[in-house]
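Since the structure comes first, as structure tokens, the remarks are kept for the end.
There are 2 protein chains.
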Amino acid sequence: MDVFAALADPVRRQLLLRLATGPARVVDLAATHDISRPGVSKHLRLLGEAGLVRAERRGRERHYRLEAAALQPVVELVAALRGPGQAGSRSPRFTDQVLAGLDLEVRRTTAERTTRDRGAARPGRDTHHRAEEDSA
Amino acid sequence: MDVFAALADPVRRQLLLRLATGPARVVDLAATHDISRPGVSKHLRLLGEAGLVRAERRGRERHYRLEAAALQPVVELVAALRGPGQAGSRSPRFTDQVLAGLDLEVRRTTAERTTRDRGAARPGRDTHHRAEEDSA
DNA sequence: CGAAATGGTAACCTATTGGTTACCTGTTCG
DNA sequence: CGAACAGGTAACCAATAGGTTACCATTTCG
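Those protein sequence lines, which keep their order, are chains A and B.
Each residue of the first sequence is one higher than the one before, counting from 518 in this note's numbering.
Each residue of the second sequence is one higher than the one before, counting from 518 in this note's numbering.
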């Protein structure tokens, strides 16, 4: 099962969100998600096939943990659909950390230049993200 | 049908990628995607339910166009799973246009600062933005 | 007008999903 | 040891998805 199909089920999305807060066992997941234990087991198997989850054996228990790197195809698709004309749509894309870094960097440096140039450096339009109503 | 389920089908993803290059009619989509016309119609109806697509009547034709804004829940989920501790998952998110702008902006202004601080570095015309091989 | 083109819907069929219960294996520990 | 716990798998079942063909409505245009 590919990552898109894996994300299509609401129960699996809930499981992933739960795992985003830290590893968990099957019984824990079953207890908090109103589904039988074999049901959870099956979902975890599918998530494992999609690479979204990894199991770590510890004694008789099995600790499942999230593998966020497997979300890459989703990020790429979204990028391709959101910005068809310009930037990339191919290859890795930016992570949120990088985004935050860019944002900070731009705000700081544009502020510097604005102060230095006294208004000559196109002030306001910087990080105000919108662009959905593009070309038309 | 929610947006996640809508993206689960490979044919629908192909249709969306096609629509990302511009509006298209049902017959056009059917011609290039090895599926019957009613099949395309059904997929488009589901995509419409998910808000990912909008139809515009023009005579007896119907032009379907992509609605990228409907991808928001996907972006939010990915953000929540990727960076539970750090960045966002809140608010609109960045578009590729903005990303390209940020990239350019940072490179230019950091080059300026470097030039200003250290003396002789590369001149500011580095507009060759790339950022593909980072993050992992 | 009437034929052709666009495209939506209905009816139908098969494969897949998502859930269950029942059962089995392996591990811990009183 | 043996009971209890963790968890995977098999068998089964109802519902849904995705595809098709057939049919219908609307619009264009010779």
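For each residue, glycine too, the CB sits at the ideal point set by N, CA and C.
Since this is a predicted model, take the numbers as computed values, not measurements.
Short of 8 Å in beta carbon distance, which residues of its chain neighbour residue i, apart from the five on each side in sequence? Order them along the chain.
{"i": "ALA541 (chain A)", "result": "ARG535, HIS580 and TYR581"}
{"i": "VAL543 (chain A)", "result": "ARG554, VAL557, SER558, LEU561, ARG579 and TYR581"}
{"i": "PRO590 (chain A)", "result": "ASP519, VAL520 and PHE521"}
Residues of chain B with CB closer than 7 Å to the CB of residue i, please, in chain order.
{"i": "ALA548 (chain A)", "result": "Neighbours of ALA548 (chain A) on chain B: none; closest Cβ ~21 Å, over 7 Å."}
{"i": "VAL591 (chain A)", "result": "VAL591 and VAL595"}
{"i": "LEU561 (chain A)", "result": "Here the premise fails: no neighbours, minimum Cβ distance about 15 Å."}
How many whole angstroms separate the CB atoms of residue i and residue j, which I take to be in contact at a CB cut-off of 8 Å?
{"i": "VAL595 (chain B)", "j": "VAL592 (chain A)", "result": "6 Å"}
{"i": "LEU583 (chain B)", "j": "LEU598 (chain A)", "result": "6 Å"}
{"i": "ARG529 (chain A)", "j": "LEU564 (chain A)", "result": "6 Å"}
{"i": "HIS657 (chain A)", "j": "LEU569 (chain A)", "result": "Any property of residue 657 (chain A) remains undetermined from this structure, which presents chain A solely from 518 to 653."}
What does residue i pair with, by DSSP beta-bridge criteria?
{"i": "HIS550 (chain A)", "result": "DSSP lists no partner for HIS550 (chain A)."}
{"i": "LEU534 (chain B)", "result": "None, per the DSSP bridge assignment."}
{"i": "GLU573 (chain B)", "result": "B:HIS580"}
{"i": "ALA541 (chain B)", "result": "B:TYR581"}
Residue i touches chain B at which residues, Cβ-Cβ below 8 Å?
{"i": "ARG530 (chain A)", "result": "PHE521 and LEU594"}
List, in order along the chain, the chain B residues whose C-beta lies closer than 9 Å to that of residue i?
{"i": "ALA572 (chain A)", "result": "Those within 9 Å of ALA572 (chain A) in chain B number zero; the least Cβ separation is about 17 Å."}
{"i": "LEU588 (chain A)", "result": "LEU594, VAL595, LEU598 and ARG599"}
{"i": "LEU564 (chain A)", "result": "By Cβ distance, chain B contributes nothing, its closest Cβ being about 11 Å from LEU564 (chain A), past 9 Å."}
Determine the chain A residues that contact residue i at a beta-carbon separation under 7 Å, and present them in chain order.
{"i": "ALA525 (chain B)", "result": "PHE521, ALA522 and ALA525"}
Looking only at its chain, what residues have a beta carbon closer than 7 Å to the beta carbon of residue i, apart from the 5 residues adjacent to it on each side?
{"i": "ALA567 (chain A)", "result": "MET518, ASP519, VAL520, ALA523 and ALA587"}
{"i": "ASP545 (chain A)", "result": "none"}
{"i": "ILE552 (chain A)", "result": "VAL528"}
Ordered along the chain, which non-local residues of its own chain (more than five positions away) have a Cβ less than 6 Å from that of residue i?
{"i": "ALA547 (chain B)", "result": "ARG554 and VAL557"}
{"i": "ARG571 (chain B)", "result": "ARG582 and GLU584"}
{"i": "GLU573 (chain A)", "result": "HIS580"}
{"i": "ALA537 (chain B)", "result": "LEU583"}
{"i": "PRO527 (chain B)", "result": "none"}
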